[in-house]
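Novice: Position 271 (the sequence shown) corresponds to 303 in the numbering used here; numbering is contiguous.
Beta carbons are placed, not taken as given, at the ideal position from N, Cα and C, and that holds for glycine.
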Amino acid sequence: MVHEIVIVGGGFGGVRTAKILSKWAGGSNHHIHITLIDKSRYHTFYPNLYEVATAHLPEVFGHLPVNFFDLKSSAICPLEDIFLDDLNVTVLESEVLGVDFKKHKIELKNASALHYDILVLGAGSETNYFNIAGMETHALPLKNFFDALKIRNAVDEAFYRIPKNQLVKVVIGGGGFTGCELAGELIGYMKKLAKIHGHPEYYAECLIVEAAESLLGSASLWIQKRAKARLESLGVKFKFKSGIKDVEDGEVVLADGSRIPYDVLVWTAGVKANDLAKTLFGVKLEKGSCLMVDKHLRIMPYENVFGVGDMTYCVDESTGKSLPMTASVAIREAKYVAKNIKKMILKKPLIDYKPYHAGFVVPLGGKYAIMEIGGLRLSGFLPWALKHLVSLHYWNELIGWRRALGIWKRGLRIYTEND
Ligand SMILES: Cc1cc2nc3c(=O)[nH]c(=O)nc-3n(C[C@H](O)[C@H](O)[C@H](O)COP(=O)(O)OP(=O)(O)OC[C@H]3O[C@@H](n4cnc5c(N)ncnc54)[C@H](O)[C@@H]3O)c2cc1C
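1. How would you write the range of the alpha helix (DSSP H) that Asp149 sits in, first residue to last?
2. Consider the C-beta atom of Asn428 and the heavy atoms of ligand 2; say whether any pair is separated by less than 8 Å.
3. Report yes if the C-beta distance between Glu404 and Ser354 is below 9 Å; otherwise report no.
4. What would DSSP say about Met357, mapped onto helix, strand or coil?
5. Are there 16 or more other CB atoms within 10 angstroms of the CB of Gly205, so buried, or fewer, so exposed?
6. Does the segment 104 to 121 come close enough to the segment 320 to 332 to have 3 or more Cβ pairs within less than 8 Å?
7. From the DSSP output, read off the bridge partner residues of Ser157.
8. Buried or exposed: where does Tyr234 fall if 16 or more other Cβ atoms within 10 Å of its Cβ makes it buried?
9. Please report the straight-line C-alpha distance between Glu349 and Ile292, rounded to a whole angstrom.
10. Note the first and the last residue of the continuous alpha helix (DSSP H) segment covering Gly130.
11. DSSP state of Ser105, grouped into three classes?
12. Output needed for Asp342: all residues of its chain with C-beta closer than 7 Å, excluding positions within five of it in sequence on either side, in chain order.
13. Among Ile66, Tyr385, Asp179 and Asn163, which residue has its Cα nearest to the Cα of Val121?
14. Quick one: is the Cβ of Ile69 within less than 8 Å of any heavy atom of ligand 1?
15. Going by C-alpha distance, which of Gly59, Glu83 and Asp102 is nearest Leu119?
16. Let me confirm a value: Val123 is counted as buried when at least 16 other C-beta atoms fall within 10 Å, else exposed. Which label applies?
17. Give me the Cα-Cα distance between Gly249 and Glu36, rounded to the nearest whole angstrom.
18. Could you check which residue in Pro415, Val128 and Phe100 has the C-alpha nearest to that of Ser19?
19. Can you check which of these residues, Tyr368, His63, Gly406 and Trp416, is closest to Val152 by C-alpha distance?
20. Excluding five sequence neighbours on each side, which residues of the same chain lie with their C-beta closer than 6 Å to the C-beta of Phe413?
21. Return yes when the Cβ of Ile183 is within less than 9 Å of the Cβ of Ile276, no when it is not.
Take a look at the structure:
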């Protein structure tokens, strides 16, 4: 009998689950076929998106756009390339519209329904605008490669459009990880653009508007202070305790009624589980649209349906807190889901998921990052180098050393242009 495993989402969780199961089935006599469905053709390496959003490419000035392909491949990779040698994996580019849990069928856009024996849901998350009036219309999100390009182009265009004796102002809504990483790199990009377009450097401003009273609220105090000091030294400005109430063309309106002008507005303050979860019958949702999973990462009450990554709501019993939406959590969950699918096929008891907090590495402009892993705290070049070595390791696991190294080297060359 062939076990039909369907995985929804070719992100960190989905791809890792498929890779582990595919290898296992290749080396065992258990017949499985995996269908990995994603609405996009690409697997995205999100930790590099802030670099894409601030990449300076000479192609803008009429040279051959060779670097653009390097930039693209440093952050996204076609899913069919990742599974080229995995003959028991079929990659399907289609949007999942819903699931019929009774009939074990996936409803797809522009394709007929697909049967599964075991299903893994890993459709990730989407930007949450919290119903702030005007936010979705005026702000640029940073949630995929094309968003990153839009930010990059909008900032470049602002320097081109705005007279040289006026301030060019980029406002970032949200001082979380994405907002801080982006600000750290953006200020270098803005200084570079100022030079290229003939603006004085002091007419380039990057401001983080944050509702809380500090940056990186979910990190330790040490990280919070270090990050603020680092961004300040780069010239980033802050406005704390300033919730955004609504957004108008060229102006952000704060809860207290005051207004902040902007030329480019980027929204990084909100993320929510994929709305696909809300269409699923009989599942339990937490925090809006996160799928509640049991200790084996199954989406109850369905015993043959598992959840991975940002879409799931999973509590770490040692802290009582829900797990953060991070790639490391998605990858760890994928490893457990793959193990439990193997157990299910072998008709053995499932294992319990054990969360583990991997710590933080926060790159903040140039070749600099802050790291807190276990009890170890470091800042400067070393954590930055570590972050990039981890990304090389990640790509190696998906596409092999030779290709991973080439992509990594070419990406680094572009990423360090503004430093
Ligand atoms: C800018 C940015 C920077 C980040 N930096 C870091 C970092 O440095 N470290 C870290 O640990 N985490 C980071 N994260 C978070 C991390 O990327 C996510 O937690 C991780 O991607 C979650 O993995 P996932 O598999 O759940 O979802 P994803 O990796 O988002 O994959 C979900 C996939 O599902 C597909 N999909 C969605 N809906 C459908 C549908 N209806 N039908 C078919 N396919 C669908 C999507 O196209 C996508 O490919 C960052 C996130 C962002 C946005």
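Specialist: Considering the structure as presented:
1. As a first step, residue 149 must be located in the sequence shown, where it is residue number 117. It is not in any alpha helix (DSSP H) - Asp149 carries neither H nor E in the DSSP assignment.
2. Ligand 2 is not among the ligands present in this structure, which contains only ligand 1.
3. On the sequence shown, position 372 is the one that residue 404 refers to. On the sequence shown, position 322 is the one that residue 354 refers to. The answer is no: Cβ separation not under 9 Å.
4. As a first step, residue 357 must be located in the sequence shown, where it is residue number 325. The answer is coil: DSSP assigns Met357 none of H, G, I, E or B.
5. By 1-based counting over the sequence shown, the position of residue 205 is 173. Classification of Gly205: buried, given that the 10 Å Cβ count is 16 or more.
6. no
7. Against the sequence shown, residue 157 aligns to sequence position 125. Paired residue(s): Ala305.
8. As a first step, residue 234 must be located in the sequence shown, where it is residue number 202. When all chains shown are included, Tyr234 counts as exposed.
9. Here residue 349 refers to the residue found at position 317 when the sequence shown is read from its first residue. Here residue 292 refers to the residue found at position 260 when the sequence shown is read from its first residue. Using only the alpha carbons, I get a separation of about 42 Å.
10. Counting from one through the sequence shown, the residue named residue 130 turns up at place 98. Taken as a continuous stretch (DSSP letters only), Gly130 belongs to no alpha helix (DSSP H), being part of the beta strand (DSSP E) at Val128 to Asp132.
11. The sequence position of residue 105 within the sequence shown is 73, counting from 1. Here Ser105 sits in helix by DSSP.
12. If you number the sequence shown from 1, residue 342 lands on position 310. The residues are Gly156, Ser157, Ala305, Met357 and Ala362.
13. Counting from 1 along the sequence shown, the entry for residue 121 is found at position 89. Among Ile66, Tyr385, Asp179 and Asn163, the Cα nearest to that of Val121 is on Ile66.
14. Counting from 1 along the sequence shown, the entry for residue 69 is found at position 37. Ile69 Cβ: within cutoff of ligand 1.
15. In the sequence shown, the residue the question calls residue 119 occupies position 87. For the residues Gly59, Glu83 and Asp102, the minimum Cα distance to Leu119 belongs to Gly59.
16. By one-based count along the sequence shown, residue 123 stands at place 91. Answer is buried; the Cβ neighbour count reaches 16.
17. Translated into the one-based positions of the sequence shown, residue 249 becomes position 217. Translated into the one-based positions of the sequence shown, residue 36 becomes position 4. If you take the alpha carbons of Gly249 and Glu36, they lie about 42 Å apart.
18. The chain is shown only over 33 to 451; residue 19 falls outside these bounds and no answer can be derived.
19. Numbered from 1 along the sequence shown, position 120 holds the residue referred to as residue 152. Selected option, being the one with the closest Cα: Tyr368.
20. Here residue 413 corresponds to residue number 381 of the sequence shown, with the count starting at 1. So the list reads Lys399, once near-sequence residues are dropped.
21. Your numbering for residue 276 matches position 244 in the sequence shown. Your numbering for residue 183 matches position 151 in the sequence shown. Not closer than 9 Å, so no.
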